[in-house]
Amino acid sequence: MGFVKVVKNKAYFKRYQVKYRRRREGKTDYQARKRLVAQDKNKYNSKKYRLVVRFTNKDIVAQIVFSEIVGDKVMCAAYAHELPRYGLKVGLTNYAAAYCVGLLLARRHLTNLGMAQLYQGKDVTDGEDYN
Numbered sequence: 004m005g006f007v008k009v010v011k012n013k014a015y016f017k018r019y020q021v022k023y024r025r026r027r028e029g030k031t032d033y034q035a036r037k038r039l040v041a042q043d044k045n046k047y048n049s050k051k052y053r054l055v056v057r058f059t060n061k062d063i064v065a066q067i068v069f070s071e072i073v074g075d076k077v078m079c080a081a082y083a084h085e086l087p088r089y090g091l092k093v094g095l096t097n098y099a100a101a102y103c104v105g106l107l108l109a110r111r112h113l114t115n116l117g118m119a120q121l122y123q124g125k126d127v128t129d130g131e132d133y134n
C-alpha cells in the first residue's frame, strides 16, 4: 500500500458547509418537500393545502397544513385523545380511531369555514349502502 495523502486538511474544513439542521437530524427530505409544497406559478400565491396524519404509540394526530415562507401553518387539527368526549373510550390508535379522527377533523374544519350546514352528516347510520 502506497502513501495516502490526507484530504481533510485546513483548506477542506474552511470550505465545508454544514447541511440544514433537519437534514442532519434525518427528519426532512428537502427534495421531496420541495415537490410537495411548491405551487404552480399560474396559481398566483394561492395556498396548497395538505392533510398530515401522524401515528404515535398513544395518539393519532391529523392536521390540515399549508406552507408559507416563514414556515408551515396549521389550519385545523384533531387528536385521538379527544375521542372519549364523543363516546369512543378505548382503542384510540387503531384503524377505526383513525377514521374517527379524520371525521372529527373534517367536521371541525367545515365549522371553521362556516360550511357545516351545507354538508350535513347522516343522523342514523344504518349501513344502507352495504345491504
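Just so it is clear: in the sequence shown, position 43 is 46 by this note's numbering, and no numbers are missing. Glycine residues also receive a C-beta, built at the ideal position from the N, C-alpha and C atoms.
Supposed close pair residue i, residue j - CB separation, criterion 8 Å
i, j, result
"Ala65", "Val73", "With 8 Å as the limit, Ala65 and Val73 do not qualify as a contact, their Cβ atoms being about 23 Å apart."
One or two residues paired with residue i in a DSSP bridge
i, result
"Arg26", "Bridge partners of Arg26: none, in fact."
"Arg53", "Val68"
"Tyr82", "Val64"
"Val77", "Val68"
"Phe58", "Ile63"
Same chain, Cβ closer than 7 Å to residue i, neighbours up to 5 away in sequence not counted
i, result
"Ala1", "The chain is shown only over 4 to 134; residue 1 falls outside these bounds and no answer can be derived."
Enclosing alpha helix (DSSP H) for residue i [first to last residue]
i, result
"Lys17", "Lys13 to Arg18"
Neighbourhood of residue i by C-beta distance below 6 Å, restricted to the same chain and skipping five residues each side
i, result
"Thr31", "Arg25"
Close-in-space but distant-in-sequence residues of the same chain around residue i (CB under 8 Å, 5 per side omitted)
i, result
"Ala119", "Arg110 and Leu113"
"Val21", "Arg27"
"Lys76", "Val68, Phe69 and Ser70"
Item to check | Cβ contact (3+ pairs, closer than 8 Å) linking the stretch 100-110 and the stretch 72-92 | outcome: Flag = yes, the stretch 100-110 and the stretch 72-92 touch.
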